[in-house]
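Peer 1: Throughout the sequence shown, residue numbering follows the numbering used here, covering 328 to 755 in sequence. Glycine is no exception: its CB is placed at the ideal position from the N, C-alpha and C atoms.
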Amino acid sequence: MPCPHTLRGRIPMSFKWHPDQPPPPIQPHSKAKLKVLRSYLRAYFDRLNVNPNREEFKLDLIDGFAGGGTFLDKDSVVPGTPLIMLEEAAEAEKRLNKGRIKKLNIDCKFYFVDKSKAHIDHLTKVLAERGYRSDNSSIVVRNGPFESQIESIIQSIRQRQPRAGRAIFLLDQTGYSQVELALVSRIFGELPAAEVILTFATDALVNLLSDTPQFAKALAPLQLAESIEELIQHRDEGRGRALVQRTLRDHVRTVTGAFYDTPFFIRPTSSRRALWFLHLSRHPTARDVMIQRHWEIQNTFEHYGSGDFNMLGWDALKDSATLPLFKFGEIDGERLREQLLESLPRELFGLVSEQPVTVDALRHSLANRTAARFSDLDEIVLKLFEEKEFEIQGPDGRARSRTLRRLKPTDRIALPPTLLLPGLSRRS
């Protein structure tokens, strides 16, 4: 029988901090998450501050399960998520001000929350040792469950940023139901420009699926009670784990109100149970920046499935024998473009059969189904345009020149005057 912790959707904690003891040893799966977070923050600052005339950039960074701030990696003390947030904000200001005439002020406010007092005491000690002042002006440290702090954090962000409300929430929970999906939905409802990075123990949930009152209660934070029988049925079918994980992923996106999601699959070596490091947002640019992290951090993350429109939905040991492995390497990139050249015409034909669609609408329609970056999609659309399978129009409806080399989000994709079957020009 599963232990009470797992029934409540919480895997026993791997890390414990105490102010009078050294930090815990870091694990490979935590290294992977820290690498993604640092890479994403760096790219986020760069992508949103390309305008050389910008003088101020406000951002709130929230770590809802902050831990003690550091880990031991062999004989070295390495930063945890709170320090990574602080370091990347400071480094971004230095990096982005190189060569600028108008200096950019990066105005970040940080919220570090943890329910364990020992963890908070360790974190406070770590911050003080590194010269950071947790005085509630720019660094807020709070002891308590994340759900008890979310109200005041959202209010503070809205007061500080009444227009943009730009924020990144890191919710690195243990298990799968410490974070109520309703809270994530509230974040997006009140802060539309926010992004959420959520750890989700998918394998643990799939393994524990059962049609019992206790498990239904454990799933209450996920609003999945009515779907348990369907999930169990999927799991017991062939390739069932893939179906369950795809259903879960669609469910999380729908319930939270996120338009885009990008899951990193991380498989701890100790348990072999896959975790999702799931990025949720309402903006296509945020999704594109995160999918680029997959391609940048190669050999750390793997997905099963083809790279065009049949991946990013599962990662299952039982299914891996029948599904191709996609590792975001150079060969995978070549294979992805070949697959897109065959499959994208059919997708486009369905989208533009009644009226033209913008490049932005195409991205929105396909983003959650593919490993492709927007640059990959644009490259294939331009090739199809060159082969006269589709037309590209400006926002005014006028046909663009065949020498077009770069798409704008407002460009429109339309059927050609002489209709060909999708892909026919390459098969003839």
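Confirm, please, whether the CB-CB distance from Phe515 to Asp615 is below 7 Å.
Peer 2: no
Peer 1: Nearest-angstrom Cα distance between Gln560 and Leu602?
Peer 2: If I take the Cα positions, the gap works out to 22 Å.
Peer 1: Taking just the CA atoms, how far does Phe604 sit from Trp622?
Peer 2: 15 Å
Peer 1: According to DSSP, which residues form a beta bridge with Glu718?
Peer 2: In the DSSP assignment, Glu718 forms a beta bridge with Ala741.
Peer 1: Around the C-beta of Thr745, are 16 or more other C-beta atoms found within 10 angstroms, so that it is buried, or is it exposed?
Peer 2: exposed
Peer 1: Tell me, which residues are paired with His606 by DSSP?
Peer 2: Ile524, Thr589
Peer 1: From which residue to which residue does the beta strand (DSSP E) around Ile618 run?
Peer 2: It is not in any beta strand (DSSP E) - Ile618 instead sits in the alpha helix (DSSP H) that spans 611-623.
Peer 1: For Lys430, count neighbouring C-beta atoms within 10 Å of its own C-beta (all shown protein chains included) and say buried if the count is 16 or more, exposed if not.
Peer 2: Answer is exposed; the Cβ neighbour count stays below 16.
Peer 1: If you run the structure through DSSP and keep just helix, strand and coil, what is Val405?
Peer 2: Val405 falls in the strand class under three-state DSSP.
Peer 1: Is it the case that the stretch 462-478 contacts the stretch 416-427, given that we only count it when at least three CB pairs across the two stretches are under 8 Å?
Peer 2: no
Peer 1: Any contact between the stretch 357-366 and the stretch 450-465? By contact I mean 3 or more CB pairs, one from each, below 8 Å.
Peer 2: no
Peer 1: Is DSSP giving Thr697 helix, strand or coil here?
Peer 2: coil
Peer 1: Once DSSP output is grouped into helix, strand and coil, what is the label at Lys430?
Peer 2: coil
Peer 1: On the premise that Tyr587 lies in contact with Ala698, defined as a C-beta separation below 8 Å, what is that separation, rounded to the nearest angstrom?
Peer 2: About 14 Å; that fails the 8 Å criterion.
Peer 1: If you count every other CB in all the chains shown that lies within 10 Å of the CB of Gly640, and 16 or more means buried, which is it?
Peer 2: Since pLDDT at Gly640 reaches only 44, below the 50 mark, its modelled position is unreliable, and the value read off the structure follows with that caveat. Classification of Gly640: buried, given that the 10 Å Cβ count is 16 or more.
Peer 1: Going by C-alpha to C-alpha distance, which of Lys401, His449, Lys436, Gln354 sits closest to Glu414?
Peer 2: Ranking Lys401, His449, Lys436, Gln354 by Cα distance to Glu414 puts Lys436 first.
Peer 1: Starting from Leu532, follow its DSSP beta bridges and name the residues at the other end.
Peer 2: DSSP output for Leu532 lists no bridge partner at all.
Peer 1: State the CB to CB distance for the pair Asp703 and Leu668, rounded to an integer number of angstroms; the pair is presumed to be in contact (CB under 8 Å).
Peer 2: Wrong, their Cβ atoms sit about 11 Å apart, outside the cutoff.
Peer 1: Tell me the residue span of the beta strand (DSSP E) that contains Ile466.
Peer 2: 466-470
Peer 1: In or out: Gly426 buried (at least 16 other Cβ within 10 Å) or exposed?
Peer 2: exposed
Peer 1: Where does the unbroken beta strand (DSSP E) through Leu498 begin, and where does it stop?
Peer 2: 494-498
Peer 1: Three or more C-beta pairs closer than 8 Å, one from the stretch 372-380 and one from the stretch 524-540: is that the case here?
Peer 2: Segment contact: the stretch 372-380 against the stretch 524-540, fewer than three CB-CB distances shorter than 8 Å; contact not assigned.
Peer 1: Give the DSSP-derived three-state secondary structure of Ile353 in the structure shown.
Peer 2: coil
Peer 1: Take Ser608 as the anchor and find which of Ser554, Leu671, Leu535, Pro519 has the nearest alpha-carbon.
Peer 2: Pro519
Peer 1: Which residue marks the beginning of the alpha helix (DSSP H) containing Glu681, and which one marks its end?
Peer 2: From DSSP, Glu681 is part of no alpha helix (DSSP H); its letter is neither H nor E.
Peer 1: Which class does Leu438 belong to by DSSP, given the choice of helix, strand or coil?
Peer 2: Residue identity differs from the one stated: residue 438 is Tyr in this sequence, not Leu. Judged by DSSP in its simplified three-state form, Tyr438 adopts strand.
Peer 1: What is the DSSP secondary structure of Asp390, counted as helix, strand or coil?
Peer 2: strand
Peer 1: Pull up the distance between the alpha-carbon of Ser755 and that of Glu713, whole angstroms please.
Peer 2: Only weak support exists for where Ser755 lies, its pLDDT of 48 falling under 50; the value from the coordinates is given anyway. In a straight line, the C-alpha of Ser755 is about 16 Å away from that of Glu713.
Peer 1: Helix, strand or coil for Phe712, going by three-state DSSP, please let me know.
Peer 2: helix
Peer 1: For the beta strand (DSSP E) that Leu399 lies in, which residues bound it at each end?
Peer 2: 397-400
Peer 1: Considering Cα atoms alone, identify which of Gln354, Leu450, Ala417 is closest to Asp390.
Peer 2: Distances from the CA of Asp390 to each of Gln354, Leu450, Ala417 were compared; the closest alpha carbon is that of Leu450.
Peer 1: Any contact of the stretch 544-553 with the stretch 494-507, i.e. 3+ C-beta pairs under 8 Å?
Peer 2: yes
Peer 1: DSSP three-state label for Ala601, please.
Peer 2: coil
Peer 1: Between Ile555, Leu525, Ile524, which lies nearest to Thr539 when the distance is taken from Cα to Cα?
Peer 2: Ile555
Peer 1: Going by DSSP in three states, Lys385 sits in which element: helix, strand or coil?
Peer 2: strand
Peer 1: Measuring only the C-alpha atoms, how far is Arg732 from Asp687?
Peer 2: 17 Å
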